[in-house]
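Structure first, commentary second.
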Amino acid sequence: MEPAKLLALLLLLLPSLVSAHHKRILGGKECNEAEHPWLVLLYESKKPFCSGILLDRNWVVTAAHCYVSGEIEIRLGLHNRNMPRGDEQMRVSAATLCYPDTASTTQNSCADFTADIMMIKLNSPVKYSKHIGPLLLPTGSVFVGTKCRVMGWGTTTTSEVTFPIVPQCANINILENRVCAVAYPSWRMTNDMLCAGDQKGCKDTCQGDSGGPLICGGQLQGIISMGKSPGPGVYTNVNSYFNWILEFI
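Mapped onto mature numbering (1 follows the signal peptide of the UniProt record, and there is no 0), the consecutive letters of the sequence shown carry residue numbers -20 to -1, 1 to 229.
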């Protein structure tokens, strides 16, 4: 079976894996209110289910396994979901595209994705503000040992009741891909993936909220993809898809 199809099958069959509706950042703390202007929360049928990252006024990037066939609501500028600050914005998806789709694609490949990365086109441009702004794309590869920041709204169940009111953040390190290969022998780690966490038992984070950012040196290096407690997390290597992303933004 092809690695991508195996990944999709695992995400469907193993509830302990990080998927669009499962797991949270473990050991994380509430993010600083001013540190995540690019972090967005995705809703389906009025329920949050994934995180995403604002890249410019018209595009958000997230994980391909967050794909849903219906309309996605994108909420920007959120911190405390129960206490709006007044400058939050909401958009809906005008298009969803997964690698290697192009801007002219009419039938996306997201239902059978080959890489865990998805671009969401917004129905209208967002207005940048103190709490809404884009995250920088990587200028190069990230190296093993680099300290990074992971963030998102995670959940331990599919119920919105257990969804954190505020986004969670944690500091983790880039690990060698073989660490994830050993932790998950059924998965094929490639250079298009990153392995990150705490080798001493996943102290900071074992899983993260799907589609959220792995930020290293102020740049988007990874997108939270999958993992299984108490192992490290697997992230989509954004640098591998840099040129593809530039086709849209």
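For glycine and all other residues, C-beta sits at the position ideal for the given N, C-alpha and C.
What separation, rounded to the nearest whole angstrom, lies between the Cα atoms of Asn223 and Gln201? 14 Å
Measuring alpha carbon to alpha carbon, tell me which residue in Asn157, Tyr47 and Asn171 is nearest Pro165. Minimum Cα distance to Pro165 is reached at Asn157.
So what does DSSP say about Tyr215, is it helix, strand or coil? Note: Tyr215 maps to strand in three-state DSSP.
CA-to-CA distance, Ala91 to Pro80, given in whole angstroms: 13 Å
Where Ala176 falls, given that 16 or more other Cβ within 10 Å makes a residue buried: Buried, since its Cβ has 16 or more Cβ neighbours within 10 Å.
Compare the C-alpha of Leu155 against each of Ile145, Phe123 and Gln148 and name the closest. Phe123
Going by CA-CA distance only, name the one from Asp96, Val72, Lys101 and Met70 that's closest to residue 290. Given a span of -20 to 229 for the chain in the structure shown, any question on residue 290 remains unanswerable.
Do Arg37 and Val106 have their CB atoms nearer than 8 Å? The answer is yes: Cβ separation under 8 Å.
For Ile195, which three-state DSSP category applies? strand
For Asn151, the residue or residues it bridges with in DSSP: Arg129
Among the candidates Leu77, Ile112 and Thr94, whose CA atom is the shortest distance from the CA of Glu68? Ile112
Would you call the CB atoms of His45 and Ser220 closer than 8 Å? no
When you compare only the Cα positions, how much space is there between Gly132 and Ala75? 23 Å
Pick out whichever of Thr216, Val146 and Ser205 has its Cα sitting closest to the Cα of Arg65. Val146
Restricting to runs no shorter than 3 residues, where is the beta strand (DSSP E) found entirely within the segment 57 to 91? 69 to 78
Could you give the distance in angstroms between the alpha-carbon of Val130 and the alpha-carbon of Thr86? 33 Å
Within 8 Å, strictly: CB atoms of Ser104 and Arg71: yes
Decide if Asn217 is buried, meaning its Cβ has at least 16 other Cβ atoms within 10 Å, or exposed. buried
Cα separation between Glu140 and Phe29? Only weak support is given to the placement of Glu140: the predicted model assigns it a pLDDT of 44, under 50, and the value that follows is read from those uncertain coordinates. Cα to Cα, Glu140 sits roughly 9 Å from Phe29.
Out of Trp18, Phe228, Cys149 and Ser31, state which residue places its alpha-carbon closest to the alpha-carbon of Leu116. Check the Cα spacing between Leu116 and each of Trp18, Phe228, Cys149 and Ser31: the tightest is with Trp18.
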